[in-house]
Structure formats: C-alpha cells, structure tokens
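J.:
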Amino acid sequence: MRPVRIARNLCAASGKDKANPRKRERIPSATLREAACLPPISSIPVRIRARQTCPLPGTGRRRGVEFTPLLPDKARQRVATLSLVSQTGNPGAARYVHSPEHKPGNREQQDQIVSEQDPLVIFTPSGKRGRFPVGTPVLTAARQLGVDLDSVCGGRGICSKCQVAPAFGEFSKHGVTVAKDALSEWNAVEARYDEKRGLKPGRRLGCQATIQSDIVIDVPPESQVHRQVVRKAATERVIEMDPATRLVLVDVTEPDMHDPSGDLQRLQAALHAAWQVDLGELPLALLSKLQPVLRKGNWQVTCAIFQPAEGKAQLLDLWPGYFEGPLYGLAIDLGSTTMAAHLCDLANGRVLASSGLMNPQIRFGEDLMSRVSYAMMNPGGDAEMTAAVREALNQLAEEIAKEAEIDPKLIVETVFVCNPVMHHLLLGIDPVELGQAPFALATSDSLSLFASELGLDAIHPQARSYILPCIAGHVGADAAAVALSEAPGEQDDLTLVIDVGTNAEILLGNRSRVLACSSPTGPAFEGAQISSGQRAAPGAIERIEIDPETKDPRFRVIGCDLWSDDPGFEAATAVTGITGICGSGIIEAVAEMRMTGLLDASGLIGSAEQTGTVRCEPDGRTHSYLVHDGSADGGPRITVTQGDIRAIQLAKSALYAGARLLMDEMAVDTVDRIVLAGAFGAHISPKHAMVLGMIPDAPLKAVTSAGNAAGTGARIALLNRASRKEIETVVRQITKVETAIEPRFQEHFVAANALPHASDPFPNLSALVPLPDLSFNTGGGDGTEGGRRRRRRRG
Numbered sequence: 002m003r004p005v006r007i008a009r010n011l012c013a014a015s016g017k018d019k020a021n022p023r024k025r026e027r028i029p030s031a032t033l034r035e036a037a038c039l040p041p042i043s044s045i046p047v048r049i050r051a052r053q054t055c056p057l058p059g060t061g062r063r064r065g066v067e068f069t070p071l072l073p074d075k076a077r078q079r080v081a082t083l084s085l086v087s088q089t090g091n092p093g094a095a096r097y098v099h100s101p102e103h104k105p106g107n108r109e110q111q112d113q114i115v116s117e118q119d120p121l122v123i124f125t126p127s128g129k130r131g132r133f134p135v136g137t138p139v140l141t142a143a144r145q146l147g148v149d150l151d152s153v154c155g156g157r158g159i160c161s162k163c164q165v166a167p168a169f170g171e172f173s174k175h176g177v178t179v180a181k182d183a184l185s186e187w188n189a190v191e192a193r194y195d196e197k198r199g200l201k202p203g204r205r206l207g208c209q210a211t212i213q214s215d216i217v218i219d220v221p222p223e224s225q226v227h228r229q230v231v232r233k234a235a236t237e238r239v240i241e242m243d244p245a246t247r248l249v250l251v252d253v254t255e256p257d258m259h260d261p262s263g264d265l266q267r268l269q270a271a272l273h274a275a276w277q278v279d280l281g282e283l284p285l286a287l288l289s290k291l292q293p294v295l296r297k298g299n300w301q302v303t304c305a306i307f308q309p310a311e312g313k314a315q316l317l318d319l320w321p322g323y324f325e326g327p328l329y330g331l332a333i334d335l336g337s338t339t340m341a342a343h344l345c346d347l348a349n350g351r352v353l354a355s356s357g358l359m360n361p362q363i364r365f366g367e368d369l370m371s372r373v374s375y376a377m378m379n380p381g382g383d384a385e386m387t388a389a390v391r392e393a394l395n396q397l398a399e400e401i402a403k404e405a406e407i408d409p410k411l412i413v414e415t416v417f418v419c420n421p422v423m424h425h426l427l428l429g430i431d432p433v434e435l436g437q438a439p440f441a442l443a444t445s446d447s448l449s450l451f452a453s454e455l456g457l458d459a460i461h462p463q464a465r466s467y468i469l470p471c472i473a474g475h476v477g478a479d480a481a482a483v484a485l486s487e488a489p490g491e492q493d494d495l496t497l498v499i500d501v502g503t504n505a506e507i508l509l510g511n512r513s514r515v516l517a518c519s520s521p522t523g524p525a526f527e528g529a530q531i532s533s534g535q536r537a538a539p540g541a542i543e544r545i546e547i548d549p550e551t552k553d554p555r556f557r558v559i560g561c562d563l564w565s566d567d568p569g570f571e572a573a574t575a576v577t578g579i580t581g582i583c584g585s586g587i588i589e590a591v592a593e594m595r596m597t598g599l600l601d602a603s604g605l606i607g608s609a610e611q612t613g614t615v616r617c618e619p620d621g622r623t624h625s626y627l628v629h630d631g632s633a634d635g636g637p638r639i640t641v642t643q644g645d646i647r648a649i650q651l652a653k654s655a656l657y658a659g660a661r662l663l664m665d666e667m668a669v670d671t672v673d674r675i676v677l678a679g680a681f682g683a684h685i686s687p688k689h690a691m692v693l694g695m696i697p698d699a700p701l702k703a704v705t706s707a708g709n710a711a712g713t714g715a716r717i718a719l720l721n722r723a724s725r726k727e728i729e730t731v732v733r734q735i736t737k738v739e740t741a742i743e744p745r746f747q748e749h750f751v752a753a754n755a756l757p758h759a760s761d762p763f764p765n766l767s768a769l770v771p772l773p774d775l776s777f778n779t780g781g782g783d784g785t786e787g788g789r790r791r792r793r794r795r796g
C-alpha cells in the first residue's frame with residue numbers, strides 16, 4: 002500500500018520520537034491503523050458535524066463533512082476522525098484522516114493525514130461518493146454517506162432490503178475503472194439467501210458484500226427507504242378516440258364438407274365482411290389456439306385487432322364468445338433520469354394509473370454523453386445498458402398494473418417517446434455514433450414492433466410497440482411528442498416550448514416555421530450535483546420562501562402540505578423527516594436568495610456581515626446559506642453552497658442559451674408565449690424561473706405550464722391512430738438547430754451565467770421583482786469577506 006504522511010505524535014504506541022510533533026515522516030497506512038489500535042473505521046459509530054465546505058468552483062480547494070467517532074473516553078487518545086473531503090466539484094468524496102485527541106472545531110491544531118489509497122465508492126442514483134478502507138461493507142459505506150439504502154435485519158442477510166447492483170467497466174464520468182473483483186466474492190450468507198429466496202442476476206446484499214477496490218453501486222428503487230416520486234402525472238386532455246387496437250365480435254362460418262378452407266381463412270373472411278379488416282399472417286401461438294376457441298364459442302369469437310396506419314391488420318388475441326375487455330395500453334416517457342408510464346383504457350382513453358421509476362442507466366452515467374462514453378470505452382457496455390432499461394420497463398409495467406389492479410397480460414400496446422440515446426439503447430443499438438459529429442441516427446423514422454422484440458415480457462405476448470420518430474441526432478422522439486402535444490406550428494403567436502430535464506428539448510415557432518434544439522442541462526435540476534440534493538422523495542424540500550427582512554426561510558417538503566412555520570409541521574413530518582432538497586427546491590432557493598440580497602448577480606453568496614444574517618456561514622473561501630439544521634435531532638444540515646449555485650448557473654445557462662439560439666434563428670428578441678413542460682413545468686413558478694434567467698423575459702401571464710407534455714404526446718399517439726401520421730409529417734417540417742457546433746451557443750451560455758443575465762434586458766421581471774443591485778466580490782481573504790481568489794500577474 003502506498004505510504005501516507007502522518008504526524009509523529011499520532012503514534013505514541015509505536016515508540017516514535019515525540020520531540021517535534023509537527024515533524025512528519027512516511028509510514029504505511031497499515032502501520033498507522035495498527036499503531037493507533039483502532040477497529041476498522043467502518044465499524045465505528047459516528048456523529049456528523051459541519052465542516053468548512055464547498056469553495057467557489059474553480060479554486061481547486063476541497064470541501065466536506067466531518068465525522069466524529071463515538072468511542073469510550075479511554076479510547077479518545079487513539080480516535081480516528083473520518084473526514085469526507087471531496088475532489089473539486091464532487092462534494093462527498095470521502096477520505097480518511099487520523100489524529101490524536103481530536104477536538105471538534107479546533108482544526109488548526111490537528112495534524113490531518115489523507116489516505117489516497119482507499120477505494121472510491123460511488124452510489125447512484127444519489128451521486129454520493131466516498132473513500133472507504135478495503136473490507137468495508139457496502140451497507141456501512143452507504144450509511145456513512147447518507148445514501149438511501151434500506152435494511153431492517155441489522156445486517157444479518159435475512160431481510161434482503163439492502164440489495165444493490167454493482168456496475169463494472171470504465172466510467173469516464175466518474176474517473177474510475179471498476180474491476181470484476183471490486184466487491185468481495187459471495188459469502189455463505191448470500192449463497193444461502195440465494196438458494197432459499199433467490200437474488201436477481203447481478204444483485205448483491207449490501208450488508209454482506211465488502212469493498213475491495215473502486216466501485217460504482219446502484220441502489221434500485223425497491224432498496225430505497227424513501228421511494229422516488231416521479232413527478233410526471235398525466236394531465237387532463239381531450240383526445241379524439243381512435244386507437245390502433247380494438248375489440249371486434251365476429252361470427253365465423255362453420256366448417257363444411259363442401260368447403261375445404263381452413264378455420265383461419267374463414268375467420269379472415271368474417272373479419273373482412275363484418276369489419277373491413279384485412280388480416281395478415283397469424284403467429285403460431287395464436288394459430289394453435291384458434292380451433293379450440295372457435296368451437297368453445299360456438300363459432301362466435303372476440304378478436305383483439307391491431308390496425309396500423311398502413312398495411313394489413315394483425316390479430317393480437319381472441320376469446321370464445323363475447324369478451325367485453327377492457328384492453329389496456331401504456332404511454333411511456335423514457336427519460337434520461339426517470340421513466341414514467343400512463344396506463345390507459347383503450348376503449349375510452351381514461352388514465353387508470355400513472356407510475357414511474359428511476360432510469361437504472363444512471364449507474365452508467367448521469368447524462369447522455371456519459372452513457373455514450375461508457376459504451377465507447379466498455380465492450381458490451383451498450384448491451385448492459387439495454388438490458389438494464391428493459392428490465393426496469395418490465396418492472397414498471399408490473400407495478401402500474403398492480404396499482405390499477407389489472408392483469409398486466411391485458412396490456413396489448415405500448416407507445417414510447419425518448420431522446421435519441423435512450424431510443425437507441427431501448428432498441429439495442431450502439432449509441433456511439435451519437436457521440437460524434439455528424440451525430441447520425443440509425444433511423445429517424447417511427448417504428449412499429451412487437452413488444453417482445455424489446456424484451457417486454459411482462460405484458461401480453463403479442464403486444465405491439467410504437468416508437469415516435471426522432472427529429473435529428475440530438476433531438477428525439479420526446480421533442481416530437483412535445484410538438485404533438487403543444488402544436489406550436491398551429492399557433493399564430495410565436496411560442497417557446499421548453500421541456501426541462503437532464504437533456505432539455507426546446508421548440509420555437511408558429512404557423513410559418515418551427516425550430517427545435519436540444520440543450521444539455523445536466524442532472525442538477527433533478528437534485529443531483531447538489532451538496533444537500535436528492536431525488537424527489539417524501540421528506541425532500543420542494544418549495545422555499547425567504548423573508549426579505551429577517552432572511553429566514555420557510556419551506557415545504559414532499560408528502561406534507563404544511564409550511565415549516567405552520568402549526569403541526571413537525572408532527573406531520575415526523576415519519577419522513579426533512580432529508581434534503583430536490584430539484585424544484587434548489588431552483589426556488591437560488592431565486593429567493595437572489596431576490597432577498599443573499600446572492601449577487603454573479604452568483605456569489607455574501608457573508609453574514611454583507612447580508613445581515615448568520616445563516617450565511619463561512620465555507621472555505623466562500624459562504625453557504627443554512628436552510629435547515631436538523632443535527633440536534635440526528636438529521637442533516639441542509640445548506641445551499643457556492644458549488645450548488647454554480648451547478649444551477651451552468652444548468653440554467655445551457656437552457657437559456659438553447660432558447661436564445663432559436664430566437665436568433667428566428668431574428669427575434671422576444672416571444673409571445675412560453676410553455677414550461679416536464680416535471681419542473683408543473684412545480685416551479687414562472688417568477689422564479691425568470692429570476693434565475695432560465696427563460697427569456699416575458700409577462701408572467703404569458704408563461705404557462707403544460708405538465709408532462711412528452712407523456713401527453715405519447716398518450717395522444719396511443720389513443721389516436723391519425724396522430725401518428727400527423728407527427729410523422731410534422732417532424733419532417735421542423736428545422737433542427739445543432740447546439741454542439743454552433744459558436745453562438747457558447748456566447749449565449751457565458752452571458753447567461755449571470756442572474757438573470759449579463760446583457761439581455763428583463764423589463765417585465767424588473768417591473769415585477771426589482772432585484773438588489775449589489776456585489777460581494779470584494780477580494781480574497783480568509784473566507785469572511787466572501788471574495789474570490791485573485792490571480793497575481795507574473796512580473
């Protein structure tokens with residue numbers, strides 16, 4: 002093991018010279034642990050306390066949280082302080098610091114030694130990471146990092162609640178290569194559990210598997226204590242019903258000695274005569290079922306017919322006599338971070354249930370280009386990601402059917418909308434070509450397939466799948482679905498439609514012309530890359546307001562309708578607790594900080610002296626704003642750090658730059674209407690979005706929410722055959738603008754880093770919310786002046 006630096010006075014038990022306690026020497030970390038007579042760090046219970054964290058991005062300084070081990074008094078001479086110290090831009094990367102007589106709050110007197118050798122553990126979808134000694138159980142690492150991993154049996158390998166899915170290969174996004182032996186081999190407990198109850202392929206028990214080297218570990222939804230809330234509910238919409246799949250009742254002529262035709266031919270004749278249906282070839286599974294069904298129904302049968310826009314109809318199933326159904330379809334929005342499905346009755350269009358899951362591909366990369374990179378660097382990586390998403394889709398189908406209390410085998414049709422990378426991975430196509438110019442799609446046309454070809458075996462075996470067409474290499478079927486739902490090309494007003502997500506889809510147009518682009522906003526809007534961030538789940542802060550006078554916040558959490566200053570709030574949140582801040586919460590927090598003078602236009606957080614509140618705490622060379630301190634009750638301290646501000650600035654700048662690029666193409670500086678689509682469209686007020694500069698300036702009454710527009714487009718395509726032909730025509734009329742090769746995109750991106758913008762005027766916003774004109778960039782210092790590090794000129 003590579004040597005690490007330690008202070009001599011740490012090793013009193015080893016007989017080293019203590020004359021100069023500040024003098025350092027190099028000894029192996031194994032000797033360090035042996036001399037300190039410490040148990041494995043993973044077995045030491047810890048108390049979390051705040052530590053100076055999160056410098057201004059780009060300074061190269063480190064950030065973190067400090068863990069104080071809870072040891073008996075007699076052992077405090079030999080304590081080990083576990084310090085989470087992140088790499089630049091990655092809060093939460095843990096390393097280990099050993100020191101004698103650790104005194105919280107007196108860090109200047111500590112001789113801190115950082116071990117660089119311990120394996121790096123990265124948990125998805127939370128994005129939390131840390132370094133832990135070889136042999137640390139995965140469950141222990143998860144608990145110390147605050148990862149949402151369930152366990153009810155105390156780590157004895159009985160409950161299986163702590164199942165995890167390790168990922169192997171090269172992860173350029175995380176800067177690690179994960180070997181096949183990154184976790185310990187199966188032990189007797191896991192083998193016994195697998196024999197008795199069975200583990201899914203690729204799963205491990207977190208309480209039994211131990212860390213051996215760098216590892217990326219996915220926590221599946223069923224192993225999470227707080228289930229993800231996929232905020233993509235179906236919105237009400239009037240849809241003209243004309244589904245591709247329907248039930249028809251026919252009377253078939255009985256066989257006759259004088260008619261040599263077979264039962265199938267007479268069924269085809271009956272369908273054509275009664276319903277003008279020209280039936281194509283019959284799958285063998287149905288052909289073998291045909292004769293007993295006809296005779297059981299006394300030559301009367303109900304057929305489930307799938308009628309495509311072009312070509313012959315297909316028989317999906319048949320029942321003896323009259324079968325009233327109903328049959329069901331799934332409209333699926335397959336996103337980079339989440340996948341959401343709406344279960345619809347194909348007879349009347351009613352949405353019976355909506356459900357969602359985290360996209361398990363997050364463990365291969367949080368954004369699309371990370372997944373393309375994983376496929377490039379790991380042979381068979383694309384197949385891994387395809388298998389992961391197909392397994393999750395089967396799980397989603399089973400869950401939504403259970404929620405609606407129906408048989409999943411009655412789901413006979415699915416419609417998919419997705420971005421180009423997810424489109425390719427769903428189809429089992431290597432997405433590598435989408436990672437390099439000219440970003441060529443394998444196919445841009447719509448596809449009609451058997452669902453079984455996509456590995457969807459949880460639903461009807463003959464179910465059909467329709468995938469909407471893609472517009473271009475980086476503008477996919479999800480943008481096409483938004484175009485179908487919002488129809489900007491049918492409006493007189495110039496309409497800007499923004500579908501906010503990890504990969505934002507932006508449309509701008511009216512009757513004369515429609516433009517489209519894709520903008521890589523990243524996962525910050527989903528709560529990732531945020532120091533106290535989490536996915537939307539019960540207990541996550543989703544709304545926040547800051548008093549302009551006292552600078553104190555009030556907030557609401559998912560699962561509770563009360564605000565934090567309302568009577569009964571503590572009791573109402575006793576079960577879920579206050580666990581972190583999700584995407585909508587961090588967006589409103591940053592906007593509120595800007596409106597109340599805690600944040601200047603450059604995005605710099607002021608000091609307590611500059612802002613007038615002690616909630617603005619020193620944090621390395623910058624400051625953080627304290628939203629909630631639950632440490633007294635064992636909960637987390639939830640802060641907004643300078644790094645969080647920077648992550649939101651980068652995300653919103655990409656979003657604004659994409660919109661502004663389309664406006665340049667249209668030669669306009671303003672738009673008539675702005676439509677916010679996606680989960681954030683329904684959960685963020687237009688005012689906060691405009692304060693951040695996420696969207697161009699406009700009257701607030703001109704900014705509306707469309708909810709999950711992509712999901713609505715999928716439902717329209719599921720329930721109306723003509724709409725499929727319509728969108729296939731419309732996408733060929735949309736002009737695609739490629740942000741990746743457009744120089745002006747970078748110019749707009751840089752200018753949009755300011756809050757709300759460095760140069761574009763926001764007159765409507767100024768009339769509504771005058772923003773404080775202040776600057777906290779007063780020069781360097783010790784962290785109390787809020788300054789940036791200044792570069793010195795070389796003489």
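In our numbering, the protein residues as written are 2 to 796. Every residue gets a Cβ at the ideal spot worked out from N, C-alpha and C, and that includes glycine. Quick caveat, the model's predicted, so the values are computed rather than measured.
#1: Determine, using beta carbons only, whether ASP601 and PHE777 come nearer to each other than 8 Å.
#2: Mind checking who ASP252 pairs with in its DSSP beta bridge?
#3: Check whether chain B comes within 8 Å of LEU331, counting only Cβ atoms and requiring the distance to be less than that.
#4: What do you reckon, are the CB atoms on ALA341 and ASN709 nearer than 8 Å?
#5: Out of LEU353, ALA398, PRO134 and GLN650, state which residue places its alpha-carbon closest to the alpha-carbon of ILE333.
#6: In the DSSP assignment, find the unbroken beta strand (DSSP E) run with THR496 in it and report its ends.
#7: Measure from the alpha carbon of TYR467 to the alpha carbon of each residue in ALA405, ALA459, ALA590 and LEU720, then state which is nearest.
#8: Hey, is the stretch 539 to 547 in contact with the stretch 654 to 663, meaning 3+ C-beta pairs nearer than 8 Å?
#9: Could you please give me the residues that DSSP links to GLN315 through a beta bridge?
#10: Going by DSSP, name the residue or residues bridged to HIS175.
#11: Starting from THR246, follow its DSSP beta bridges and name the residues at the other end.
#12: Short check: CB of ALA143 to CB of PHE124, under 8 Å?
#13: Can you list, in chain order, the residues of its chain with a C-beta nearer than 6 Å to that of MET691? Leave out the 5 residues immediately preceding and following it.
#14: In whole angstroms, what separates the C-alpha of ALA384 from that of THR178?
#15: In three-state DSSP terms, what is GLY276?
#16: Would you report the Cα separation of LEU516 and SER608, rounded to the nearest angstrom?
#17: At which residues does the beta strand (DSSP E) containing PRO746 begin and terminate?
#18: Can the beta-carbon of GLU491 be found less than 8 Å from the beta-carbon of ARG512?
#19: Could you check where the alpha helix (DSSP H) with GLU543 kicks off and where it finishes?
#20: Residues in its own chain within less than 7 Å of ASP346 by CB, not counting five upstream and five downstream?
#21: Please state the DSSP three-state secondary structure of THR574.
#22: Restricting to runs no shorter than 3 residues, where is the beta strand (DSSP E) found entirely within the stretch 652 to 690?
#23: How many angstroms separate the CA atom of ASP620 from the CA atom of THR597?
#24: Starting from MET359, trace the beta strand (DSSP E) in both directions and tell me its first and last residue.
#25: Using the Cβ count rule (16 or more neighbours within 10 Å means buried), how would you classify CYS154?
#26: Quick test of the definition: if touching needs 3 or more C-beta pairs under 8 Å, does the stretch 517 to 532 touch the stretch 563 to 577?
#27: Any idea which residues DSSP pairs GLY534 with across the strands?
#28: Spatial neighbours of ASP493 within its chain, please: CB distance less than 7 Å, with the 5 preceding and 5 following residues excluded, ordered by chain position.
#29: Report the option in SER337, LYS290, GLY714 and ASN349 whose CA atom is closest to the CA atom of PRO321.
#30: Would you call the CB atoms of ALA1 and ILE531 closer than 8 Å?
#31: Who are the near neighbours of ALA715 in its chain, counting only those whose CB is closer than 8 Å to its CB and skipping five residues on each side?
#32: Check whether the stretch 206 to 219 touches the stretch 256 to 275, counting contact only when three or more Cβ pairs, one atom from each stretch, lie closer than 8 Å.
#33: Around the C-beta of PRO439, are 16 or more other C-beta atoms found within 10 angstroms, so that it is buried, or is it exposed?
#34: In three-state DSSP terms, what is LEU426?
#35: Should CYS38 go down as buried or exposed, given a rule of 16 or more other Cβ atoms within 10 Å for buried?
#36: Name the DSSP bridge partner or partners of TRP320?
T.: Here's the rundown:
#1: Counting from 1 along the sequence shown, the entry for residue 601 is found at position 600. Counting from 1 along the sequence shown, the entry for residue 777 is found at position 776. Going by C-beta atoms, ASP601 is nearer than 8 Å to PHE777.
#2: On the sequence shown, residue 252 is found 251 positions in, with the first residue counted as 1. In DSSP, ASP252 forms a bridge with GLN301.
#3: Structure shown: chain B not included; a single protein chain is present.
#4: On the sequence shown, position 340 is the one that residue 341 refers to. On the sequence shown, position 708 is the one that residue 709 refers to. Yes, the pair counts as a contact, with Cβ atoms nearer than the cut-off.
#5: For this step, residue 333 is matched to residue 332 along the sequence shown. It is ALA398 whose Cα lies nearest to the Cα of ILE333.
#6: Position 495 of the sequence shown, counted from the first residue, corresponds to residue 496. Taken as a continuous stretch (DSSP letters only), the beta strand (DSSP E) holding THR496 covers 496 to 500.
#7: On the sequence shown, residue 467 is found 466 positions in, with the first residue counted as 1. Among ALA405, ALA459, ALA590 and LEU720, the Cα nearest to that of TYR467 is on LEU720.
#8: no
#9: Reading the sequence shown from its first residue, position 314 is the one you call residue 315. For GLN315, which the question treats as bridged, DSSP gives the partners PHE307.
#10: Reading the sequence shown from its first residue, position 174 is the one you call residue 175. Paired residue(s): none; HIS175 is not in a bridge.
#11: Here residue 246 corresponds to residue number 245 of the sequence shown, with the count starting at 1. DSSP lists PHE307 as partners of THR246.
#12: Within the sequence shown, numbered from 1, the residue matching residue 143 stands at position 142. Within the sequence shown, numbered from 1, the residue matching residue 124 stands at position 123. Result yes, Cβ atoms of ALA143 and PHE124 sit closer than 8 Å.
#13: Along the sequence shown, one-based indexing puts residue 691 at 690. Once the five neighbours on either side are set aside, the close Cβ partners of MET691 are LEU766.
#14: Taking the first residue of the sequence shown as position 1, residue 384 is located at position 383. Taking the first residue of the sequence shown as position 1, residue 178 is located at position 177. Approximately 18 Å between the Cα atoms of the pair.
#15: Position 275 of the sequence shown, counted from the start, is the residue given in the question as residue 276. Correcting the residue type first, residue 276 is Trp in the shown sequence and not Gly. Helix.
#16: As a working mapping, residue 516 is identified with position 515 in the sequence shown. As a working mapping, residue 608 is identified with position 607 in the sequence shown. Approximately 44 Å between the Cα atoms of the pair.
#17: Indexing the sequence shown from 1 puts residue 746 at position 745. Reading off the sequence shown, one finds Phe at residue 746, where the question assumed Pro. It is not in any beta strand (DSSP E) - PHE746 instead sits in the alpha helix (DSSP H) that spans 744 to 752.
#18: Taking the first residue of the sequence shown as position 1, residue 491 is located at position 490. Taking the first residue of the sequence shown as position 1, residue 512 is located at position 511. For GLU491 and ARG512, yes; Cβs fall inside 8 Å.
#19: Walking along the sequence shown from the start, residue 543 turns up at place 542. From DSSP, GLU543 is part of no alpha helix (DSSP H) but of the beta strand (DSSP E) over 541 to 547.
#20: To locate residue 346, count along the sequence shown from 1; it is residue 345. Same-chain partners within the cutoff: PRO327, TYR329 and LEU353.
#21: On the sequence shown, residue 574 is found 573 positions in, with the first residue counted as 1. Note: THR574 maps to coil in three-state DSSP.
#22: 674 to 678
#23: The count along the sequence shown starts at 1 and reaches residue 620 at position 619. The count along the sequence shown starts at 1 and reaches residue 597 at position 596. Spanning the two alpha carbons is a distance of roughly 20 Å.
#24: Here the question's residue 359 lines up with position 358 in the sequence shown. It spans 352 to 359 - the beta strand (DSSP E) in which MET359 sits, taken as one unbroken run.
#25: Walking along the sequence shown from the start, residue 154 turns up at place 153. Result: exposed.
#26: no
#27: Taking the sequence shown and counting its residues from 1, the one referred to as residue 534 is at position 533. The partner list for GLY534 (beta bridge, DSSP) reads ILE582.
#28: Sequence index remark: in the sequence shown, residue 493 carries index 492 (1-based). The answer, listed in chain order, is ASN511 and ARG512.
#29: What you label residue 321 is simply residue 320 of the sequence shown in a count that begins at 1. Answer by Cα proximity: LYS290.
#30: Since the first residue of the chain shown is 2 and the last is 796, residue 1 is not available in this structure.
#31: The residue given as residue 715 occupies position 714 in the sequence shown. Excluding residues within five positions, the ones whose Cβ falls inside 8 Å are ALA332, ILE333, ASP334, HIS343, VAL416, PHE417, VAL418, LEU469 and ALA482.
#32: no
#33: Residue 439 sits at position 438 when you count from the first residue of the sequence shown. Exposed, because fewer than 16 other Cβ atoms sit within 10 Å of the Cβ of PRO439.
#34: Within the sequence shown, residue 426 is the residue found at index 425, counting from 1. Here LEU426 sits in helix by DSSP.
#35: What you label residue 38 is simply residue 37 of the sequence shown in a count that begins at 1. Only weak support is given to the placement of CYS38: the predicted model assigns it a pLDDT of 35, under 50, and the question is left unresolved by the model.
#36: Residue mapping note: residue 320 aligns to position 319 of the sequence shown, counting from 1. Answer is THR303.
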